[in-house]
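Asks: One structure follows; several queries about it will come next.
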Amino acid sequence: MIDFQQKKYLFLLIYIFIFFSIFYFLVSPFLYKMKTLSKSLSYQKAILLTQNTQINKFNEFKANYNFFQKVLNLVDERLIPKDTPIDFFNFLEEISKQYNLSSEIFQYNLLKKEKTNMISIKLGGDFKNIVKFLKAVENSKYFLEVSSVNIEKDKKDNTLSTFVNIKVFIK
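Be aware that the sequence shown starts at 64, since it is given in the numbering used here, and climbs by one per residue.
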């Protein structure tokens, strides 16, 4: 027969086995599910935070849309149309007439990949008027850059010939 001390250890061993069996078969799957649900929840929380950030950025853009549209329209007005730069050429001719300068305008493409054109202008007239012309061109509404100015004095008639290269930004 089994004495009392051995019975006690046997029941203790049986209870421990039953406890771990219950834990392993009943509690462990719930803990695993909780772990996966917790990961899923934290992932969805991160997605929600990202979406909230995107919604806030979109609302900010929506609030500033009219401002952006005005700026884009302003930029569009200041770019010279690629196919029909007639308004810009008329502007150059009017400015040269305004300052009593003779002008001859050439257009040629140097940078085909970029959105720019090089325009060369030959001006004839008084130095002060040429400077005023250059200032008027630089302060015009168009996006442009005066890239070079070459001034030569004709010894025969004592007049100035100026060659101006302008880089204009086109649509």
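Even glycine gets a Cβ: it sits at the ideal position worked out from N, Cα and C.
State the Cα-Cα distance for the pair residue 221 and residue 233, rounded to the nearest angstrom.
Replies: 37 Å
Asks: What first and last residue would you give for the alpha helix (DSSP H) that runs through residue 200?
Replies: Per DSSP, residue 200 belongs to the alpha helix (DSSP H) from 190-201.
Asks: Cβ atoms of residue 231 and residue 151: under 8 Å apart, would you say?
Replies: yes
Asks: Alpha carbon to alpha carbon, what distance is there between residue 157 and residue 193?
Replies: 13 Å
Asks: For residue 162, count the other beta carbons within 10 Å of its own beta carbon; 16 or more makes it buried, fewer makes it exposed. Which is it?
Replies: buried
Asks: Assuming residue 164 contacts residue 186 (C-beta within less than 8 Å), just tell me the rounded distance between them.
Replies: 5 Å
Asks: Checking 8 Å against the spacing of the C-beta atoms, do residue 200 and residue 209 come in under that value?
Replies: yes
Asks: Among the residues of its own chain, which have a CB less than 6 Å from the CB of residue 195, if the five just before and after it don't count?
Replies: Result list for residue 195: 162, in chain order.
Asks: Please give the ranges of any alpha helix (DSSP H) in the region 81-143, keeping only runs that are unbroken, at least 4 residues long and fully inside the region.
Replies: 91-141
Asks: In angstroms with no decimal places, state the Cα-to-Cα distance between residue 227 and residue 168.
Replies: 10 Å
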